[in-house]
Structures are given as C-alpha cells and as structure tokens.
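Residue numbers (the working numbering): 87 to 359.
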C-alpha cells in the first residue's frame, strides 16, 4: 500500500489525494487509541466490593478481611485485584463496568467505521468503487454466479451492533442502582462478557479472513485519481482559488480531463502542470 496514491473522499465526494497507506494508518491509530482507552479502565475494574457487606460499612467482618481477600483472589487468578477504597460506591454503583464497556464500545465504533470503509472501497467490483479487492472466503451467491459478498465485513459489523446494544443495556442497568445497592450486576456482567468474547473472536476472524488478504486494484485507483477534479486544488498556489474553480467547473461540462482543461484555460502553462 505504500506509495499507492488514491483519491480521498469527504462527505462521500471526491477530495484531495492521499496514499492507501496513509488512509489505513488512520485505522491503525483509531484501534491503538481504543486499546489504550480499554487498558486505562482496568485499574477501576479491578476494585472489589467484597468485605463491604450489606451497605458498604463492612459490618461484621474482621479487621483487614477485605484487603486479605483481595490479595488472595489476585494471587489465585494472577490478576491485579485490590479492595475498593470506597465500598459504598462499589456496591451502589457499577461505574467501573460502565467505563470499561464504554471502551469496548469505542473499539466497536471504530471497527464499524473501518469495516464499512473497506466494504465501500471493495464495492463493485466493476460498478462500484473497486479500489481494493478482499478475499473471497465462500463460493458466493447461490443466485448470481461469480458474486462474492463481503461476509467478513458483515460479520464484524454485526458484532459491533451487538456491542453497541450491550452498552445501552449496561448503561440502563448502571443507572438503576437505587440507594446502597445496584442489583443489576448480573445482566451487566452477562452483556460485558458477551461483548468481550464477540469482539475478540470477530477481530481475529476479520484480521485473518479479510485484512490479511486485501490487495490494491492499481489500475482502478489510477483511473479514479486521474478522473478526479480535486487535483485542481494543487493549482491554488499557482493561479489562485477562483481560477482553479473555473477549471474544475469547466472540465465536467466539456468532458475534458483536468490537464487539458488547465492548459486550455491559459491560466497556467504546460510546463508548470
């Protein structure tokens, strides 16, 4: 993908060029930020309410009980569990779950955007954008011979929708902790674990079954770049925005390519172009 120049798109319309590598680097950065956000929630998620007893006061528990229990659980699981500093918050609210699942949702939102971009870039392949090809993992349509659908994209985006739905469930459950106890933790845990398992499996499948096999369609990419009027933006510094706009507006009307229209406009000479 390095050095493959393609046309950019904003508002679903042609924009200035960038490389395919630059476009995909944005996807990588999104996921890195999402992973970082998820890791940042683990400290809060590791706090245990155990030892707070009924309402968080620790009534009827021996001194030091909550600390020792958390230490033993951490030792048994190999995970950094600690006793919650404030048992009242830990029992009455489950904000740690909400926060951590929010980071999972952030990843799902990013993956939805990334998967849809890949789906659109691979669309067609002849009557769509068709800038990239993705692996054909199945025989294809039983109705239309030779038609292969982006099933890995569809699987991942379906998982993303489920995670967004689970986040709504967790948010509603978390908001219903009346007074000193939130009794909705079971449904929150169920939704959280489902999201985590689905996201892990879907990411691995999408990476192996789609991303690893993506190939640029260089002839199509070149065709779209050459036909785009947005290359005229590079002329702004030479002939000004207004004159560049005149060239852009003239090209589609007369079915000229941008280079021919620029030369015929006499705003700029062939050598500069």
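Where is the CB? At the ideal position from N, CA and C, for every residue including glycine.
On a predicted model such as this, the values are computed, not experimentally measured, just so you know.
ask   = Can you name, in chain order, every residue of its own chain whose Cβ lies under 6 angstroms from the Cβ of residue 281, other than the five neighbours on each side?
value = Taking the first residue of the chain shown as 1, we reach residue 281 at position 195. Cβ within range, chain order: 190, 249, 252.
task = Taking 8 angstroms as the threshold, find out whether the region 149 to 157 comes into contact with the region 111 to 118 through three or more Cβ pairs.
result = no
message = Looking only at its chain, what residues have a beta carbon closer than 8 angstroms to the beta carbon of residue 131, apart from the 5 residues adjacent to it on each side?
response = Against the chain shown, residue 131 aligns to sequence position 45. Around residue 131: 182, 183, 185, 186.
inquiry  = Is it buried or exposed, residue 227, if we count other Cβ atoms within 10 angstroms and call 16 or more buried?
reply    = As a working note, residue 227 is residue 141 in the chain shown. The residue is exposed, with fewer than 16 neighbouring Cβ atoms inside 10 Å.
message = Taking a contact to mean a Cβ-Cβ separation below 9 angstroms, would you say residue 194 touches residue 263 in this structure?
response = The residue you call residue 194 lines up with position 108 of the chain shown. The residue you call residue 263 lines up with position 177 of the chain shown. No.
ask   = Where does the unbroken beta strand (DSSP E) through residue 99 begin, and where does it stop?
value = On the chain shown, residue 99 is found 13 positions in, with the first residue counted as 1. Taken as a continuous stretch (DSSP letters only), the beta strand (DSSP E) holding residue 99 covers 99 to 105.
query = Contact check, residue 167 vs residue 266 under 8 angstroms by CB: the rounded distance?
reply = Here residue 167 corresponds to residue number 81 of the chain shown, with the count starting at 1. Here residue 266 corresponds to residue number 180 of the chain shown, with the count starting at 1. In fact, because the Cβ distance is near 22 angstroms, the residues do not count as touching under 8 angstroms.
task = Following the continuous alpha helix (DSSP H) through residue 153, name the residue where it begins and the one where it ends.
result = Translated into the one-based positions of the chain shown, residue 153 becomes position 67. Run containing residue 153: 151 to 163, per the alpha helix (DSSP H) assignment.
Limits of the beta strand (DSSP E) - the one that residue 139 falls within = The sequence position of residue 139 within the chain shown is 53, counting from 1. That residue, residue 139, is in no beta strand (DSSP E); it is neither H nor E in DSSP.
message = Please state the DSSP three-state secondary structure of residue 217.
response = Numbered from 1 along the chain shown, position 131 holds the residue referred to as residue 217. Note: residue 217 maps to coil in three-state DSSP.
query = By DSSP, does residue 88 sit in helix, in strand, or in coil?
reply = For the purposes of this step, residue 88 is taken as the residue at position 2 of the chain shown. Here residue 88 sits in coil by DSSP.
message = What would DSSP say about residue 224, mapped onto helix, strand or coil?
response = Locating residue 224 in the chain shown gives position 138, counting from the first residue. In the structure shown, residue 224 sits in coil (DSSP, three-state: anything other than H, G, I, E or B).
request  = Identify which residue in 164, 160, 255, 292 has its Cα closest to the Cα of residue 200.
outcome  = Numbered from its first residue, the chain shown carries residue 200 at position 114. Residue 292 is the option with its Cα nearest to residue 200.
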